[in-house]
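In this text, residue positions in the sequence shown follow UniProt numbering: the first is 1, and each later residue adds one.
Cβ coordinates follow ideal geometry from the N, Cα and C atoms, glycine included.
Just so you know, these numbers come straight off a predicted model, no measurement behind them.
Report on one structure; see the data block that follows.
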Amino acid sequence: MKRYLNFPLVKGEASRQAHADLPEGTYEREMSKEGFFGPAAFFYHRNPPTGWSDFDGPLAPRAFDLTQINEAPNSLWSAPVVLHNKATEIRLWRLADAMTALDRNGDGDQILFVHRGIGDFFCDFGHLVIGQGDYVVIPRGTMWRIVSTEPMQILAVEATNSSYTLPDKGLLGPHAIFDPAVMDTPEIDDAFRAQQGDTETRVAVKKRGAVSWMTYPFNPLDAVGWHGELSVARLNVRDIRPIMSHRYHVPPSAHTTFLADRFVICTFAPRPFETDPKALKVPFFHNNDDYDEVLFYHDGDFFSRDNIHPGMMTLHPCGFTHGPHPKALTRMFEQPKPMTDEYAVMIDTRDPLEIGEAASAVEWTGYKDSWKTKS
């Protein structure tokens with residue numbers, strides 16, 4: 001267990017409550033350990049901490065318009081890798097038709113987040129219909145394929161050499177944010193039985209980053225039943241009931257959906273704005289000193305960012321201060337509507353992420369300048 005030096009002090013003109021009661025005319029910046037889980041300090045600045053006039057070097061924030069990636073391979077393993085490190089591999093996959101082979105990941109658990117489209121998901125465990133806003137959690141070693149009934153866009157996040165688990169919800173209890181009972185599992189139904197048979201079937205198995213092919217004279221998704229504690233599971237973002245406080249802007253860690261060994265996946269879903277007149281109503285400025293932060297914008301109106309549309313992705317590398325754009329700062333304490341209207345997937349990684357060629361090719365190079373105040 002880590003033991004940090006903790007000094008619960010107040011110096012100078014400062015608030016005694018994080019994210020509320022800011023000294024007049026100031027901007028709050030949080031510096032913390034372990035993301036938002038460790039000890040923290042809160043500074044009250046006269047100027048926005050992102051008010052740079054220039055920003056050069058590898059720490060610059062990045063943005064990618066993934067809607068411009070047009071490759072549509074039949075297998076996930078041929079989809080372009082947009083970000084990666086030793087703990088995860090993030091791909092953007094467009095699937096236009098039925099997969100002609102089965103995929104199987106031997107490197108780690110897989111999450112498919114369905115950004116657009118609808119399809120039938122067949123796997124060792126049975127059949128699920130999947131569609132927009134679904135997380136599909138696939139245990140390592142599962143054979144599966146998708147028959148798309150509408151063209152699909154999927155964000156795929158691999159937990160390399162790791163497993164996905166649910167977060168400990170502490171005092172909130174296990175049914176907060178989402179009750180595990182809202183998660184669906186596959187069924188051995190008529191659709192699953194109908195796809196079985198003696199059709200020659202190939203399986204693309206990814207292990208240590210390389211793909212091997214196994215060929216069967218039959219469809220190996222031929223189970224007549226199963227039992228156990230391990231299964232594919234589906235969770236839709238509309239079943240997530242985010243934690244909020246009317247007097248305090250809760251940190252992103254409160255929106256954690258899945259955990260892996262070296263990263264977390266969080267979901268931002270619509271929620272009421274804080275109603276306390278002295279509480280922040282926009283994300284607070286914070287130092288990103290322990291994690292790289294990735295946001296994939298799924299749907300809605302992204303109130304803290306300008307010029308962002310669904311299907312874009314931002315990367316804020318570990319080591320610089322970031323926060324809301326200038327237009328959002330004008331609404332720090334007052335919002336024109338009662339609640340947010342956005343869905344986004346956040347991936348916080350403990351290890352630095354590398355940028356894939358496909359992402360580099362669709363980068364919005366002006367993103368680092370979007371914090372500049374327009375004159």
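Neighbour-count burial assignment, residue i, 16 or more Cβ in a 10 Å radius
| i | result |
| --- | --- |
| T100 | exposed |
| L155 | buried |
| V137 | buried |
| S32 | buried |
| residue 413 | Residue 413 cannot be examined here, being either before or after the span of the chain that is shown, 1 to 375. |
| K281 | buried |
| F285 | buried |
| S148 | buried |
| D198 | exposed |
| S375 | Low confidence applies to S375: its pLDDT is 43, below 50, so where it sits in the model is not reliable, and the reading given next is rough at best. Exposed, by the Cβ-count rule. |
Residues of its chain near residue i, where Cβ-Cβ distance is below 6 Å and the 5 sequence neighbours each way are ignored
| i | result |
| --- | --- |
| F43 | R29 |
| I265 | T257, F258, I347 |
| A14 | Y44 |
| I90 | V82, L83, V157 |
| D341 | P270, G300, D301 |
| L295 | T314, A344, M346 |
| G126 | P186, E187, I188, F192 |
Own chain residues within Cβ distance below 7 Å of residue i, not counting five before or after
| i | result |
| --- | --- |
| D369 | none |
| G228 | none |
| N161 | D107, G108 |
| residue 376 | An answer regarding residue 376 cannot be provided, because it is not within the stretch 1 to 375 covered by the chain. |
| D103 | S75, L76, W77, W144, R145, A204 |
| M339 | P270, R271, P272, F273 |
| K11 | none |
Sequence-distant residues of the same chain with beta carbon closer than 8 Å to residue i, five excluded per side
| i | result |
| --- | --- |
| F146 | In the sequence on display, residue 146 carries Ile and not Phe. The answer, listed in chain order, is L95, A98, M99, G119, D120, F121, F122, I130, M152. |
| P23 | E13, A14, S15, Y44 |
| T321 | R29, P49, T50, F285, H286, N287, N288 |
Delimiting residues of the alpha helix (DSSP H) encompassing residue i
| i | result |
| --- | --- |
| E293 | Taken as a continuous stretch (DSSP letters only), E293 belongs to no alpha helix (DSSP H), being part of the beta strand (DSSP E) at 292 to 301. |
| S360 | 357 to 360 |
| A328 | 326 to 329 |
| F192 | 190 to 194 |
Heavy atom of the ligand GDP within 7 Å of residue i beta-carbon
| i | result |
| --- | --- |
| H227 | This structure simply doesn't include the ligand GDP, nor any ligand for that matter. |
Continuous beta strand (DSSP E) stretch holding residue i: start and end
| i | result |
| --- | --- |
| H84 | 81 to 84 |
| G119 | 108 to 123 |
| G228 | No beta strand (DSSP E) contains G228, which DSSP labels as neither H nor E. |
| M346 | 341 to 349 |
| P151 | 143 to 160 |
| S271 | Note that residue 271 is Arg in the sequence shown, not Ser. Looking at the DSSP string, R271 is not in any beta strand (DSSP E), and its letter there is neither H nor E. |
| R91 | 88 to 95 |
| A63 | 62 to 65 |
| K206 | 201 to 207 |
Worksheet item: At a cut of 8 Å, does the region 315 to 329 reach the region 259 to 277 through at least three beta carbon pairs?
Response: no
Worksheet entry | the region 180 to 189 contacting the region 233 to 244, beta-carbon criterion three pairs below 8 Å | Flag = yes, the region 180 to 189 and the region 233 to 244 touch.
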